[in-house]
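A.B. asks: Below are the structure tokens for one structure; questions will follow.
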């Protein structure tokens with residue numbers, strides 16, 4: 001990956017940090033693991049690319065959930081860099097959900113995150129009587 005040499009142990013620590021502690025800054029990870037901040041950035045970009053490909057390939061066309069099944073929902077702000085270099089060019093809000101205990105997911109780009117928009121997507125993508133969990 002980009003000519004960087006990382007031990008398997010360091011690689012797995014970076015993946016763990018990315019997955020379980022996404023808001024940790026590169027400088028904190030650099031101090032903890034001794035990995036160059038540019039390498040951390042490159043690894044994180046690669047993990048995001050891998051994740052987006054996986055989601056595209058596994059996005060459920062069926063409604064998520066059913067009676068008693070938990071579907072977690074949230075929105076995130078995604079940034080895009082032109083040609084993967086330089087300053088950030090575009091921001092896009094994405095609303096998504098994941099059905100607990102399965103690989104079923106959905107992601108939907110949204111221009112507005114208002115009640116009407118998000119409820120419309122929830123009704124379209126999540127089955128009635130599902131248990132919906134959100135951060136707010």
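In UniProt numbering, the protein residues as written are 1 to 136. Note that the Cβ used here is the ideal one computed from N, Cα and C, for glycine as well. Remember, predicted model here, so these are calculated numbers, not experimental data.
1) Label residue 53 either buried or exposed according to how many other C-beta atoms from any shown protein chain fall within 10 Å of its C-beta, with 16 as the threshold for buried.
2) Going by the CB atoms, is the gap between residue 40 and residue 147 shorter than 8 Å?
3) Grab the span of the beta strand (DSSP E) containing residue 108 for me, first residue to last.
4) Look at the alpha carbon of residue 94 and the alpha carbon of residue 111, and state the distance between them as a whole number of angstroms.
5) Apart from the five residues on each side of it in sequence, which residues of its chain come closer than 7 Å, Cβ to Cβ, to residue 70?
6) Within a Cβ cutoff of 6 Å, which residues of the same chain sit near residue 14, ignoring the five residues on either side of it in sequence?
7) Report the rounded CA-to-CA distance for residue 22 versus residue 16, giving the unit in angstroms.
8) Check residue 118 in the structure and name its three-state DSSP category.
9) Straight-line CA distance for residue 58 to residue 46?
10) Please go through the same chain and pick out, in chain order, the residues whose beta-carbon is closer than 7 Å to the beta-carbon of residue 106, but skip the five residues on each side of it.
11) For residue 15, does the three-state DSSP call read helix, strand or coil?
12) Pick out whichever of 33, 128 and 72 has its Cα sitting closest to the Cα of residue 9.
13) Given a threshold of 16 other Cβ atoms within 10 Å of its Cβ, counted over all protein chains shown, does residue 5 qualify as buried or as exposed?
14) Just to confirm the assignment, what range does the alpha helix (DSSP H) spanning residue 29 have?
C.D. replies: Concretely, from the data shown:
1) So residue 53 counts as exposed.
2) Summary: the structure shown does not reach residue 147, with the chain confined to residues 1 through 136, and so no result is reported for it.
3) 105-110
4) Straight-line Cα distance between these residues: approximately 8 Å.
5) So the list reads 100, 131 and 133, once near-sequence residues are dropped.
6) 43
7) 9 Å
8) helix
9) Cα to Cα, residue 58 sits roughly 18 Å from residue 46.
10) Cβ neighbours of residue 106 beyond the five flanking positions: 59, 60, 64, 96, 97 and 125.
11) helix
12) 33
13) exposed
14) First-last of the alpha helix (DSSP H) with residue 29: 26-33.
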